[in-house]
Amino acid sequence: MATNSGNGGSDRQRVAQQRLRIIAGHLRRPEDGNSAILAAEECKGHVSEKTDASSEGKTVPRRRQEIMKWNGWGYSDSKFLFNKNGQAEFTGKRYRLSGMIIPALKDWFEGTFGANVHHKSPATPIVTSSAVQPPNLNEAFVEALKSTGIPFSIDAEDRLFRGHGHCLNEIFALREGKVGRVPDLVVWPNCHDDVLKIVELACKHNVCLIPYGGGTSVSSALECPPEETRSIVSLDTSQMLNESGYCTGHEPDSMEFSSLGGWVSTRASGMKKNVYGNIEDLVIHIKMVTPKGVIEKSCQGPRLSTGPDVHHFILGSEGTLGVVTEVTMKIRPLPEYQKYGSVVFPNFEMGVACLREVARQRCAPASIRLMDNTQFKFGHALKPQVSSLFTSFLDGLKTFYITKFKGFDPNRLCVATLLFEGGREKVLQHEKQVYDIAAKFGGLAAGEDNGQRGYMLTFVIAYLRDLGMDYYVIAESFETSVPWDRVLDICRNVKARIVYECKDKGVQFAPLSSCRVTQTYDSGACVYFYFAFNYRGLSDPVHTFEQVEHAAREEILANGGSLSHHHGVGKLRKKWMRDTVSTVGLGMLKSVKDYVDPDNIFGNRNLL
Amino acid sequence: MASGGVYSRIDPMLKKRDDFEDMLEERRNSSDVKYALRCYSPVLYKGLSPCTPGELKASVLQSHQVLYIIGQVSRETGRASDEVVEEASAILEEMAHSQQLGTVRFFAFVLSKVFKSLFRSIRVNEEGLQRLQQTIQDHPVVLLPSHRSYMDFLLMSYILYTYDLTLPVIAAGMDFMGMKVVGEMLRMSGAFFIRRSFGGDRLYWAVFSEYVKTMLRVRTILFTGFLQNGFAPVEFFLEGTRSRTAKSLTPKLGLLNIVMDPYLKGEVFDISLMPVSISYERILEESLYARELLGVPKPKESTSGLFKARKILSEDYGSIHVYFGEPVSVRSLAEGRVDRSQFNLLPRHIPQRPGEEVVSLVNDSAYRLVRAQEENMVLQPWVLLASLLLQNHHSQQQKNHTEGATHHHSTQEQGLNPGITLEELTAQTTWLRDLSREYGAFLHWPEHTSPSDVVSSSLSLHRGLVSVCEGRVQLATEQAVGDPSSGAPPGPVSPEEKLLNRAVVVLSCASYRNQVLHVFLRPALLACAVHAASSTNKQDVFNSFSFLRNMFSNEFILCPGATVQDFEEACYLLVKTGALQVSQHEVLVTESGQRTVAFLTNMLDPFLQGYQVVCRFLCEEASESLTEKQFIPAVRKFIIKQLLAGRLRYTELLSSDLQKNALAALLRLGAVRKIKGVQPGTLQVDNLMVNSLEDTLGGKLHTQKAAVARL
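Residue numbers (this note's numbering), protein chains in the order written: chain A, 197 to 804; chain B, -10 to 700.
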């Protein structure tokens, strides 16, 4: 379905450029033309104070509140709302969907959740500084910090921004104007040496350091431990990044906001890992400042047989051991050609079988994702207003062809979205191969447009949660990885468990419980679950929500799924760590922590 | 002994039960042909239509599970894998059902005719069927009916067809296959056949378990993309075989384990187990069972035999009650008991021996389900009458014996009229009715009918078992009850034959009494324990209770490990009815409770005596080389001798069921061991222990703490 391919092309370019800009924010051109680049800025002495927002290449300013929401996802100017006519629209100019009307969303929203656009649950409009507790400062530390000249702040807003990630309970509390413990001070090192100084001072004065990257955590990793009595200093690494002209291909859904250091310390995964690899495959060299000193390797050899890889103590350490100050990553030339695609399957079972076959033949495109029927319908509800009668006629025709002619049941069919990258010839060849496999599993090609829209939604879906929360609907997503032979079972059982638990816990409306397979591996897949429900009539919706989420995770573990594929453990999933890695495994991790950070300076209490 | 009151107990009287509707009524008023041909469109699990029997077979043969075992067998035996595949395919052919609607319609027609002539009514709880209909749509369903008659599974399918519910696929024993035509007909109506034993045959087990599990799963047909439901509901009998005594049998765990497995391995979200209680006012196989228990071997199932059974068509068998219970979710049963992640590290198609926690889960679930079946069994007034008449019969036998064995044929001449007057019987029945209701019995006592009418109509339905003479009722033990069809020439009958003839009536009657046993079981165990305990000390009584309960756990449905709960339940019921006073340290029978306690102890007394006599036999008569196989005939001979000599009170001790259970209990307790002697299954008796058990049962030896601990 090569509709408006011209448009699509230019859009694609635009989006690609935008992405590049974002990635550029994380990277810096290598000085010697090496295939690897340094990510952190060299310390250029003390650069005179600039206004950060204007600084090219620094995607996020020091004062995040200038462009970002304090109690929701993303940029302040971008949000979904139901306008005066009751139609949904997305504000701002940043995204492809920005400024568009989404006509079907209201009906879908009201129908799915039993919600009503007249029943609002608005957030507290502004945070009052008085809601934030006054900082508990370690005077000696503050004095010493001042003398280094490294910028810092004890401003209530600055501190508030660094005291939370994006777990539902965190955002829900903020919307109600409730603020728990937040860091007492925020410091912005510019370079490795700054970090060295800060860590040294923290050790000397016994303050607790919590590294902060992009603040997109969904594991309660940024929550200040309530039992922490020392002064808590948030070490914001966002000012240590620089510019570049290549791409790393690492594109997590949060990539506009998350940081390289964050990717490393949470073992992140990107949408295009099939081509570029996950973070552990991309990293060549890491430098981390710990209370014991600096850890790094002596060379950049592509593979070392020197005992267990010390990088693996850092990858996924979740800020418990130190601050990642420099990362050398592989880079790739920008892809010559990019093509989206989509395939409709008669049901989810066939879709999974197809993805498994694609994985078996090791011909997965840069990205291949399979949405279940619920998400397929959701995606449909997010179609922006069609401009011409002809397009809507075509849409009707497509629907007719799939449901009537091919006999697909609209309540069972599901869709896979595809993204191919590489040389033009290769992409076309690759595309054919994948579509041929799909055809064997009853899959019908459903056009570039559907595919592209699927990926666009990735970046706006987090904004949608804020819309839901304006109307008594709370939502969360969580992920796991699971062997192929368990994929269907885990999807079915976890979704059913969510429905069962909601009913059991007194949720008055049927929940949305949905999943998608987002990554394929030789031996399994990454599965994402989404759940949302209308909480009207519940006295403690967050508690109910947490119970359901907890039960869903238990179900995942009982069905052979992992504790996390890439979100990490944080504090939210800590209780399952022992079962996950065994007592000995946990002991190994603990002994590393005890050696590296005996005084628990990096005291965010994640993971262990 | 744990303290009481840790768990909440619901008063059994408050148990809510559904009402019944007679499904034959409509059959009597409308055309059976139309009924058999009517449109049948049941609701389906998740709206998915089931696969065909052929697809089911193919799917089993292609499953990873079966292929894995085929590979293993072929590797280990060196046979070509094609050959093993052939064997698997043959097993499947022998086993698989071939359900088709046509046959079901044929049965619907024939059974309508048969049921109408045999039964006054077939009453089902329609609310239960509505629950079933809902459950079928949500989860794979396993139907677990009680098993008292051959009728059971035809009846189940008949009901489900009538109410437009998905027809079940039924696990049946291979013995049915003996009936050539009928076997195939049953297969076409949805029965699949399993061998009674298949020892260590891995391939058979793999094919069989996969066949059952496939029916519970949803599967995808690749390359067409259509989803198909397996073949649920699956139906099987937890008790494994028909109970000849009308007592529930100790549940068999194999099939239950198989049907719970797809949940434990995460292949389905949940599975619903639905206990179904089928109660017959008069069991078709009544005297057949009694003969079987007495050692007249049961006729092999054969088609011609079935047609001979035609004559029973002219008899009145009262009504049937079928109660569809509350569905039990496997997920909720397993909650907190089984860590399902134990299956994460091995591919699920590789068979694993179930771990301890799974075994105990399956075991406890099985008992729970059988108890659920028991609780919803509808009891007819006749079962109360049977209990009273049996007790009356025995007390008179006793009197006769005490007056001298020589006189016992001339009771009438002595002016001691046998039996009990109708008035007295009615009064006692009314008393027992009220008592049983207080204990939660699901009694079907006709409303708006005087008790004396209820009694006389019950007596008339069971006129083969009772004789009413000059207003006095007694068991029809003195009548000729030889097989009327055999036409045996009347002639001198040996005392032994006479005894066996009497025993047929007594055992038939006991099978009705047995129906009410579960209601009184725990209080009766307590009553016996109070009787046998060395003091009124609560701990002594508990020890005594615990001993008896342990002793009888092969005889009755007593969940393992629930001694304390059972004790508390018994105390609760007896205190509630004013028969006992239970304080912190003492258990006392009240003045007004004497009657209840006497009734209860009398109820269990035959079993106490039965186990004692088995013990005595083993100590006195058992030879060194007695094997398990020879045990029943030998102990029967011993008991006949004792009975004829007037040394035993209860004719029902001749029941091979009781003898088997007693041996099983002794084996379980280690008082008897099976050893590989000259012949396999030789029994080695620990004389000391058996002796002490006998004495304890007889109340000669009090249960010491130590003795209890040892058991």
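Glycine included, each C-beta is placed from N, C-alpha and C at the ideal position.
Asked	Found
Rounded to whole angstroms, what's the CA-CA distance from V22/B to V207/B? Just pull it up for me.	35 Å
Indicate whether A323/B and L350/B have their beta-carbon atoms separated by less than 8 Å.	yes
Inspect the CB distances between the stretch 611 to 628 of chain A and the stretch 684 to 692 of chain A and report whether three or more fall short of 8 Å.	no
Return the bridge partner residues of S563/A from the DSSP annotation.	L615/A
Determine the extent of the alpha helix (DSSP H) in which R502/B is found, giving its start and end residues.	P484 to A521
Please tell me whether S524/B has its Cβ less than 8 Å away from any Cβ of chain A.	no
If you check the beta carbons only, do L488/B and L633/B fall under 8 Å apart?	yes
For the stretch 739 to 754 of chain A, enumerate the residues whose C-beta is nearer than 8 Å to any C-beta of chain B, in chain order.	L753 and A754
I need the boundaries of the alpha helix (DSSP H) containing Q583/B, first residue and last residue.	Q583 to E609
Between T613/A and G643/A, which are expected to be in contact by the criterion C-beta below 8 Å, what is the C-beta distance as a whole number of angstroms?	Not quite, the Cβ-Cβ distance comes to about 10 Å (not below 8 Å), so this is no contact.
Within 8 Å of any Cβ in chain A, is that where the Cβ of E199/B sits?	no
Verify the CB distance criterion: does E256/B have a CB-CB separation below 8 Å to chain A?	yes
Assign E82/B to buried or exposed, taking buried as 16 or more other Cβ atoms, counted over all protein chains shown, within 10 Å of its Cβ.	exposed
Can you give me the Cβ contacts of S719/A inside the same chain, cut-off strictly under 8 Å, excluding the 5 residues immediately before and after it?	P679 and W680
Give the C-beta separation of F596/B and L647/B to the nearest angstrom, bearing in mind that I take them to be a contact with Cβ-Cβ under 8 Å.	7 Å
Helix, strand or coil, according to DSSP, for I260/B in the structure here?	coil
Can you list the residues of chain D that R120/B reaches, using a CB-CB cut of under 7 Å?	Although the question refers to chain D, the structure presented lacks it and instead comprises the protein chains A and B.
With DSSP as the reference, label E396/A as helix, strand or coil.	helix
Under 8 Å between C-beta atoms, does N402/A make it to chain B?	no
Counting only Cβ-Cβ distances shorter than 8 Å, please list the residues of the stretch 319 to 349 of chain B near chain A, keeping chain order.	D328, R329, S330, F332, N333, P336 and R337
In chain order, what residues of the same chain lie with their CB nearer than 6 Å to the CB of T410/B, ignoring the 5 residues before and after it?	G460 and R461
Nearest chain B C-beta to G756/A closer than 8 Å, yes or no?	yes
If the criterion is Cβ atoms closer than 8 Å, does the pair T234/B and N503/B meet it?	yes
Is the CB of A692/A under 8 Å away from at least one CB in chain B?	yes
Taking 8 Å as the threshold (beta carbon to beta carbon), is D8/B in contact with chain A?	no
Drop a sphere of 10 angstroms on the beta-carbon of G410/A, count the other beta-carbons inside from all chains shown, and report buried for 16 or more, exposed for fewer.	buried
From what residue to what residue does the beta strand (DSSP E) around T714/A run?	L708 to T716
Write down the C-beta distance between P370/B and T418/B rounded to the nearest angstrom, noting that I regard them as a contact closer than 8 Å.	7 Å
With DSSP as the reference, identify every bridge partner of A721/A, one or two as the case may be.	V678/A and T716/A
Name the two residues that bound the continuous beta strand (DSSP E) containing F278/A.	F276 to F278
At a Cβ cut of 9 Å, what residues of the stretch 663 to 684 of chain A count as close to chain B, listed as they run along the chain?	P679, D681, R682 and L684
Give every residue of the same chain whose Cβ lies closer than 6 Å to the Cβ of S441/B, excluding the five residues on either side of it in the sequence, and list them in chain order.	T415
Thinking P316/B and S261/B are a contact (beta carbons under 8 Å), I'd like their distance in whole angstroms, please.	4 Å
How far does the alpha helix (DSSP H) with C885/A in it reach, from first residue to last?	Any answer about residue 885/A is impossible in this case: the structure gives chain A only from 197 up to 804.
When the Cα atoms are used, what is the spatial distance from L227/B to G429/B?	23 Å
CB-CB under 6 Å to V788/A, same chain, minus the five flanking residues each way: which ones, in chain order?	F509
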